Amino acid sequence: KQEVTQIPAALSVPEGENLVLNCSFTDSAIYNLQWFRQDPGKGLTSLLLIQSSQREQTSGRLNASLDKSSGRSTLYIAASQPGDSATYLCAVPYSGGGADGLTFGKGTHLIIQP
Amino acid sequence: NAGVTQTPKFQVLKTGQSMTLQCAQDMNHEYMSWYRQDPGMGLRLIHYSVGAGITDQGEVPNGYNVSRSTTEDFPLRLLSAAPSQTSVYFCASSSQALGEKLFFGSGTQLSVL
């Protein structure tokens, strides 16, 4: 069974710092990986999706990398801002024979101090 | 741009009551799914659908029922609510099963007393 782990569980940094969030998965036979953002009391927003053939994806100040062979992904946030404060989750597809769904990590709760 | 719309936002039920959580998307997505989110457990898949008339079970389907009569709508029914079903429920959709980004609704916070 696929398991997804995110480290650290919580992170608090001053505004302006660059930071890295980590995600690891046990089964490397994935065909993509998504990073999501969740604000308190809200739904999830997909930030980046990396296909298995890609090594990284970039969107603005966000850069996600994928190393399938080692079962790892990182989300790099440049020049952090208070508005980046949220919980960040990574997820990979799993299939029990059909399309099934995503297996999620428990998330990293990020606080950016003004 | 409505995206994925869930209703209600909050609901309180008594044990044994039934109810339906509504989910609608206006993006013509074939794939729709329901997750529950619990502290310490993360998000877990309840049911999913790859198109109208097609549904299947996810990781935690017991106590829930779904149907998909149209592309737009994917309601989740609680047949006889139990306190263990107290959770936040999210509906999500995608244009290509799990090959594209998943779009989430804003969630329904359900308490079963």
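Going line by line, the protein sequences match chains A and B. Offset between the first sequence (1-based) and the numbering used here: plus 197. Offset between the second sequence (1-based) and the numbering used here: plus 295. Backbone N, C-alpha and C fix where the C-beta goes; we use that ideal spot for every residue, glycine too. Quick caveat, the model's predicted, so the values are computed rather than measured.
query: Can you find a C-beta in chain A that's less than 8 Å from the C-beta of S401 (chain B)?
result: yes
field: Integer-rounded CB distance, given that G402 (chain B) should sit under 8 Å from V318 (chain B)
entry: In the sequence as presented, Val is not what sits at residue 318 (chain B); that position holds Cys. Not confirmed; about 11 Å, so no contact.
Contact under 8 Å by Cβ, G394 (chain B) with F301 (chain A): no
message: Taking its Cβ as the centre, do 16 or more other Cβ atoms sit within 10 Å of P290 (chain A), making it buried, or is it exposed?
response: buried
task: Leaving out five residues on either side along the sequence, give the residues of the same chain with a beta carbon under 6 Å from the beta carbon of S390 (chain B).
output: H324
query: Excluding the five sequence neighbours on either side, which residues of its own chain have a C-beta within less than 6 Å of the C-beta of T242 (chain A), listed in chain order?
result: R234
query: Just the Cα atoms here: how many angstroms apart are A392 (chain B) and P378 (chain B)?
result: 31 Å
Beta-carbon neighbours of G353 (chain B), restricted to chain A and to distances below 8 Å: D297, G298
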